[in-house]
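Enquirer: I have a structure here, written as structure tokens, and I will follow up with some questions on it.
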Amino acid sequence: MGITHPPIDELLEATDSKYSLVSYAAKRARQINAYYSQLGEGLLEYVGPLVETHVHEKPLSIAMREINAGMLTSTPIEGPSTDKPYPARG
């Protein structure tokens, strides 16, 4: 496993841009990291890894493999409407 696996082209199929992919994977990696941190406390507020993990695998690598396996779905957040022009600065 490494930076080239899963391939970037396959990962980009799950999102609409590289930026979205980075944001998406980072958010999931933070959830996985929080899950591991909470294991000892018994809180389990977050969902653990959805794929089989290896001993010293980093949360971001796990998140990328989950995205590549199609185990996560991404819903784009709609931004402000672009129908109205911005107010003129005076």
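In the working numbering, the protein residues as written are 1191 to 1280.
From the three backbone atoms N, C-alpha and C, an ideal C-beta is built for every residue, glycine too.
The structure displayed is predicted, hence computed values, not measured ones.
1. What are the complete alpha helix (DSSP H) segments, minimum 4 residues, inside the region 1200-1232?
2. Counting along the chain, where does the alpha helix (DSSP H) carrying L1250 start and finish?
3. Does the region 1210-1221 come within contact of the region 1237-1252, defined as at least 3 CB pairs closer than 8 Å?
4. In angstroms, rounded to a whole number, what distance separates the CA positions of L1234 and E1268?
Expert: Walking through what the data contain:
1. 1208-1229
2. For this step, residue 1250 is matched to residue 60 along the sequence shown. Where L1250 is concerned, the enclosing alpha helix (DSSP H) stretches over P1249 to N1258.
3. yes
4. Working through the sequence shown from its first residue, we reach residue 1234 at position 44. Working through the sequence shown from its first residue, we reach residue 1268 at position 78. Taking the straight line joining both Cα atoms gives about 30 Å.
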